[in-house]
Amino acid sequence: MRIRRVPERTCVACRETAGKRELVRVVRTVAGPVEVDLTGRKNGRGAYLHADPVCWDMAFKRQTLNGALKTVVGGDDLTALQEFRDRLVAGDAGVAAVPVAAVAARVATGTPTTRGSRRQGRGGGVKPATAKPGPVGGGRA
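To get my numbering, take the position in the sequence shown, counting from 1, and add 955.
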């Protein structure tokens, strides 16, 4: 079975790398406002922070979000981000649990290709082995 690569991202505050789903994405949308992206799919320029209030405080103090998002984060945007940080401190279950819950739901139900494979009786998206092995190295010269 093929081992799936986990995408890694760097926290802009502490500069440590972690799995993409372990970090919280802050995005500057095309329209301009800066907001928290719990889905990880919003269109725009993104930066990642740990779900740890220490990293959020460090990012605000050092203004690392300004450089990462290539904009000045201030006013209403900064207030909204600070409110999100306060909800992290309060332990609001809906804040940091959303990315984890999304991954758990995806694993439980399967991705669309996995569901289609199960319907066709091909065993959960795993490609069956062929009788003839292909060329060594994937056929690339």
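The beta carbon of each residue, even a glycine, is placed where N, CA and C say it ideally should be. These numbers were taken from a predicted model, which means no experiment stands behind them.
In this structure L1020 touches V967 by the C-beta definition: roughly 6 Å separates them, less than 8 Å. At a Cβ-Cβ threshold of 9 Å, A1006 and V979 count as neighbours.
In the three-state reduction of the DSSP assignment, E977 falls in the helix class, which pools H, G and I.
Close CB contacts of M1013 within its chain, under the 6 Å cut and outside five residues either way in sequence, are with A968 (chain order). Annotated three-state conformation of L993 is coil, per DSSP. Looking at G1022, N998, A1002, F1039, the one whose alpha-carbon comes closest to that of K975 is A1002.
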